[in-house]
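One structure is given below, encoded as structure tokens.
There are 2 protein chains.
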Amino acid sequence: MTTSTTPDPVRIGVFDSGFGGLTVLRALLPQIPAAEFFYLGDTARLPYGSKSQATVARYAVESAQLLESYGADYIVIACNTASALALDAIRAAAHVPVLGVIETGAESAAAASATRDVLVLATQATVDSHAYARACAAHGLRSIEKACPLLVPLIEEGWIDSPVTREVLRIYLEQAQAEAQAAGLALDTVLLGCTHYPLLRALLQEALPKGITILDSAESTAQRVRQELEQTKPLRAAELGENGTSSAVCHFFATDSVDKFRALGSRFLGRPIEKVELIDLGG
Amino acid sequence: MTTSTTPDPVRIGVFDSGFGGLTVLRALLPQIPAAEFFYLGDTARLPYGSKSQATVARYAVESAQLLESYGADYIVIACNTASALALDAIRAAAHVPVLGVIETGAESAAAASATRDVLVLATQATVDSHAYARACAAHGLRSIEKACPLLVPLIEEGWIDSPVTREVLRIYLEQAQAEAQAAGLALDTVLLGCTHYPLLRALLQEALPKGITILDSAESTAQRVRQELEQTKPLRAAELGENGTSSAVCHFFATDSVDKFRALGSRFLGRPIEKVELIDLGG
Chain A
11 MTTSTTPDPV
21 RIGVFDSGFG
31 GLTVLRALLP
41 QIPAAEFFYL
51 GDTARLPYGS
61 KSQATVARYA
71 VESAQLLESY
81 GADYIVIACN
91 TASALALDAI
101 RAAAHVPVLG
111 VIETGAESAA
121 AASATRDVLV
131 LATQATVDSH
141 AYARACAAHG
151 LRSIEKACPL
161 LVPLIEEGWI
171 DSPVTREVLR
181 IYLEQAQAEA
191 QAAGLALDTV
201 LLGCTHYPLL
211 RALLQEALPK
221 GITILDSAES
231 TAQRVRQELE
241 QTKPLRAAEL
251 GENGTSSAVC
261 HFFATDSVDK
271 FRALGSRFLG
281 RPIEKVELID
291 LGG
Chain B
11 MTTSTTPDPV
21 RIGVFDSGFG
31 GLTVLRALLP
41 QIPAAEFFYL
51 GDTARLPYGS
61 KSQATVARYA
71 VESAQLLESY
81 GADYIVIACN
91 TASALALDAI
101 RAAAHVPVLG
111 VIETGAESAA
121 AASATRDVLV
131 LATQATVDSH
141 AYARACAAHG
151 LRSIEKACPL
161 LVPLIEEGWI
171 DSPVTREVLR
181 IYLEQAQAEA
191 QAAGLALDTV
201 LLGCTHYPLL
211 RALLQEALPK
221 GITILDSAES
231 TAQRVRQELE
241 QTKPLRAAEL
251 GENGTSSAVC
261 HFFATDSVDK
271 FRALGSRFLG
281 RPIEKVELID
291 LGG
């Protein structure tokens with residue numbers, strides 16, 4: 011007795027340890043404006059960037075499974091640390107396609123760099139995994155990977171235009187530049203290997219020599235999601251946004267305080283977040 | 011057929027979200043040198059200082075229960091955030107005495123302050139709980155509670171003698187001083203309300219006006235543990251350290267990388283940590 015003239019929209023699960031992945035969701039919304047999005051921030055266990063491979067993989071697999079249980083047709087790991095340390099584990103556990111942000115980030119660097127020498131700024135865990143170095147090498151790029159453990163706390167403190175943050179950036183970039191010179195690299199591209207870092211883009215542009223391109227993987231990841239979805243499941247015009255309107259429904263889930271998620275998350279998403287559901291992943 | 015001429019040593023469980031609580035264990039060792047210590051760092055879920063009351067209470071209760079399962083006769087919550095947010099929950103769940111660091115810290119401030127006006131530096135979650143303000147008020151002290159979210163990351167980055175850390179401290183202290191002046195307080199005592207902060211004691215002394223006393227609760231907590239144990243269970247001379255030797259056996263447990271625990275933990279404990287056991291708290 012039910013008539014279904016409108017098929018279900020494609021469901022996209024987006025996962026991060028916290029809020030940074032909302033910069034990826036922000037890029038996804040205009041790409042696939044009629045999709046239904048499920049965003050999970052594992053805020054009770056953040057940050058991932060200082061933790062071990064085994065722990066990050068366990069956390070990330072649980073989160074991906076939760077998104078699949080909500081009916082996600084496609085999962086985006088919008089967290090560099092989880093993409094670097096746990097992509098294989100998540101793909102092994104999931105029954106739907108899973109995309110990380112490392113590969114798409116390296117691809118965009120390959121498209122942008124003339125010197126073929128790239129600087130990757132990332133968390134300690136991402137750097138230790140050397141996932142970016144491998145992904146860059148696969149595109150014929152040489153890379154310096156620089157861990158910047160203070161940037162996430164500075165951004166979450168809201169010091170995104172502070173002299174302290176400028177000085178911390180100066181120190182990290184100076185160390186990276188020294189390493190690049192010692193290795194004979196001529197950096198012309200900086201890849202932001204943490205979804206928090208786009209909030210420091212203006213400060214970074216100031217701190218870097220002219221002519222350096224700054225890339226983050228949010229945009230390239232969003233484009234790839236759209237391309238892959240088109241290949242695996244033909245999308246309707248509305249889902250692909252050809253009419254230019256955005257009717258995306260977003261559901262937000264967090265493992266810690268939903269109030270904090272609303273407040274901090276809106277800064278990353280660039281629009282207000284109203285309802286957030288508290289989830290228990292058993293941690 | 012068994013003869014037991016030497017009774018079991020008293021077993022003391024010490025718990026923190028990470029490494030900072032090792033400064034409390036460090037103070038306990040000479041106080042009760044023949045005790046057997048069980049130290050648990052919930053490193054897979056740190057930091058607690060930015061998380062909600064419900065999440066911190068859940069984590070801390072699980073950790074206390076684990077220590078009790080190892081036979082702890084007494085549990086020390088060597089973490090200001092867990093003491094501030096979860097002491098009642100832990101006491102309700104535990105079957106042995108439980109001591110936090112807030113009350114002992116406030117006591118030492120009450121003994122030291124002439125003006126009766128105290129500055130408490132702590133994590134965001136500890137400040138939001140106002141546990142120190144209540145504990146200080148119970149001793150007739152007025153207090154300013156200042157959240158310092160960047161200090162733990164700076165200490166864990168190892169920047170304990172960096173101009174950046176000096177500048178961050180200057181900003182935090184200037185904000186606190188402005189708040190104290192507006193409230194008409196004459197601060198003469200600074201209470202370190204986070205077990206990481208003792209590593210910044212030298213920098214703090216430099217940044218503060220002369221004549222300000224800096225206190226941390228490690229020493230006063232260790233003394234209180236000894237006093238309470240003497241009241242509830244008469245200790246033998248060796249356990250009380252009257253012979254001046256330290257034969258304490260320490261067992262270390264962590265929920266994330268044991269290698270990182272050994273490396274970072276030794277800095278807080280002030281002596282090498284050899285064996286650390288990986289524990290799964292289900293998180």
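Chains A and B are the protein sequences, given in the same order. Each residue of the first sequence is one higher than the last, beginning at 11 in the numbering used here. Each residue of the second sequence is one higher than the last, beginning at 11 in the numbering used here. Glycine is no exception: its CB is placed at the ideal position from the N, C-alpha and C atoms.
What is the residue span of the beta strand (DSSP E) that V24/A lies within? By 1-based counting over the first sequence, the position of residue 24/A is 14. First-last of the beta strand (DSSP E) with V24/A: R21 to D26.
Could you check whether the Cβ of P282/A sits closer than 8 Å to any Cβ belonging to chain B? Along the first sequence, one-based indexing puts residue 282/A at 272. P282/A does not count as touching chain B.
Endpoints, the beta strand (DSSP E) within which L201/B is located: Translated into the one-based positions of the second sequence, residue 201/B becomes position 191. Counting along the chain, the beta strand (DSSP E) containing L201/B begins and ends at T199 to G203.
Span of the beta strand (DSSP E) holding L109/A? In the first sequence, the residue the question calls residue 109/A occupies position 99. V108 to G110 is the extent of the beta strand (DSSP E) around L109/A.
Give a yes or no on whether the C-beta atoms belonging to V111/B and I100/B are separated by under 8 Å. Here the question's residue 111/B lines up with position 101 in the second sequence. Here the question's residue 100/B lines up with position 90 in the second sequence. Between V111/B and I100/B, the C-beta spacing is not below 8 Å.
Residue range of the beta strand (DSSP E) that includes F278/A: As a working note, residue 278/A is residue 268 in the first sequence. Careful: F278/A lies outside any beta strand (DSSP E), inside the alpha helix (DSSP H) at V268 to L279.
By a C-beta neighbour count over all protein chains shown, 10 Å radius and 16 as the cutoff for buried, is R281/A buried or exposed? As a position in the first sequence, residue 281/A is number 271, starting the count at 1. With fewer than 16 other Cβ atoms from the protein chains shown falling within 10 Å of its own Cβ, R281/A counts as exposed.
Name the chain A residues that come within less than 7 Å of T231/B, Cβ to Cβ? Taking the second sequence and counting its residues from 1, one reaches residue 231/B at position 221. Chain A residues near T231/B: none, gap ~27 Å exceeds 7 Å.
I'd like to know whether the C-beta atoms of N90/B and T33/B end up nearer to each other than 8 Å. For this step, residue 90/B is matched to residue 80 along the second sequence. For this step, residue 33/B is matched to residue 23 along the second sequence. Against a cut-off of 8 Å, the Cβ pair of T33/B and N90/B comes out as no contact.
What distance in whole Å lies between the Cβ atoms of R236/B and Q41/B, which are believed to be in contact at a cut-off of 8 Å? For the purposes of this step, residue 41/B is taken as residue 31 along the second sequence, with counting starting at 1. For the purposes of this step, residue 236/B is taken as residue 226 along the second sequence, with counting starting at 1. Indeed, because the Cβ distance is near 5 Å, the residues count as touching under 8 Å.
When you check each C-beta in the stretch 58-72 of chain A against every C-beta of chain B, which residues fall closer than 7 Å? Cβ contacts with chain B: K61, S62 and T65.
DSSP beta-bridge partners for V294/B? Any property of residue 294/B remains undetermined from this structure, which presents chain B solely from 11 to 293.
Pull out every residue of the stretch 167-186 of chain B whose Cβ sits closer than 9 Å to any Cβ of chain A, in chain order. Under the 9 Å Cβ criterion, the stretch 167-186 of chain B contributes E167, W169, S172, P173, V174, E177, V178 and I181.
Beta carbons nearer than 7 Å to chain A: which residues of the stretch 123-156 of chain B have them? Going along the stretch 123-156 of chain B in chain order, one finds no residue with a Cβ nearer than 7 Å to chain A.
Apply the 10 Å Cβ neighbour rule to P208/B and answer buried if 16 or more other Cβ atoms are within range, or exposed otherwise. The count along the second sequence starts at 1 and reaches residue 208/B at position 198. Buried, since its Cβ has 16 or more Cβ neighbours within 10 Å.
Could you name the residues of chain B that K257/A contacts, counting a contact when the two beta carbons are closer than 7 Å? Counting from 1 along the first sequence, the entry for residue 257/A is found at position 247. According to the sequence displayed, residue 257/A carries Ser and not Lys. Those do not exist, as S257/A stays about 33 Å from chain B at its closest Cβ, beyond 7 Å.
With a cut-off of 8 Å, does the C-beta of R236/B fall near any C-beta of chain A? Along the second sequence, read from residue 1 onward, the residue named residue 236/B stands at position 226. So no, R236/B is outside the interface.
Given a cut-off of 8 Å on the beta-carbon distance, is the pair S73/B and D98/B in contact? For the purposes of this step, residue 73/B is taken as residue 63 along the second sequence, with counting starting at 1. For the purposes of this step, residue 98/B is taken as residue 88 along the second sequence, with counting starting at 1. Pairing S73/B with D98/B gives a Cβ-Cβ distance that is not under 8 Å.
Comparing C-alpha positions only, which one of A273/B, V66/B and L214/B sits nearest to E166/B? Along the second sequence, one-based indexing puts residue 166/B at 156. Nearest of A273/B, V66/B and L214/B to E166/B, Cα basis: A273/B.
In or out: G115/B buried (at least 16 other Cβ within 10 Å) or exposed? Stepping through the second sequence from its first residue, residue 115/B is reached at position 105. So G115/B counts as buried.
Any chain B beta carbon closer than 8 Å to D266/A: As a first step, residue 266/A must be located in the first sequence, where it is residue number 256. Taking CB atoms only, D266/A has a neighbour in chain B less than 8 Å away.
Chain-ordered neighbours of L164/B on chain A, where CB pairs are closer than 9 Å: Against the second sequence, residue 164/B aligns to sequence position 154. Correct list: L160 and P163.
Consider the Cβ of A120/B: report whether some Cβ of chain A lies at a distance smaller than 8 Å. On the second sequence, residue 120/B is found 110 positions in, with the first residue counted as 1. No, A120/B lies away from the interface with chain A (no Cβ there is under 8 Å from its Cβ).
Contact under 8 Å by Cβ, A217/B with R277/B: Along the second sequence, one-based indexing puts residue 217/B at 207. Along the second sequence, one-based indexing puts residue 277/B at 267. It is not a contact, given that the beta carbons lie outside the stated cut-off.
Throw me the rounded Cβ distance for the H261/A and F48/A pair, which I believe falls under 8 Å. Walking along the first sequence from the start, residue 261/A turns up at place 251. Walking along the first sequence from the start, residue 48/A turns up at place 38. 5 Å between Cβ atoms; contact.
Taking 6 Å as the limit between beta carbons, can you name the residues of its chain near G254/A, skipping five residues before and five after? To locate residue 254/A, count along the first sequence from 1; it is residue 244. Since pLDDT at G254/A reaches only 46, below the 50 mark, its modelled position is unreliable, and no value is offered.
Reduced DSSP secondary structure (H/G/I, E/B, other) of E46/B: The residue you call residue 46/B lines up with position 36 of the second sequence. Three-state result, E46/B: strand.
My output table needs one value for G51/A: the three-state DSSP class, helix, strand or coil. By 1-based counting over the first sequence, the position of residue 51/A is 41. Strand.
Short Cβ contact (8 Å threshold) for A94/B with S27/B: Residue mapping note: residue 94/B aligns to position 84 of the second sequence, counting from 1. Residue mapping note: residue 27/B aligns to position 17 of the second sequence, counting from 1. In this structure, A94/B sits away from S27/B, with a CB-CB distance that is not shorter than 8 Å.
DSSP has E167/A in a bridge; who is on the other side? Looking up residue 167/A in the first sequence gives position 157. The partner list for E167/A (beta bridge, DSSP) is empty, contrary to what the question assumes.
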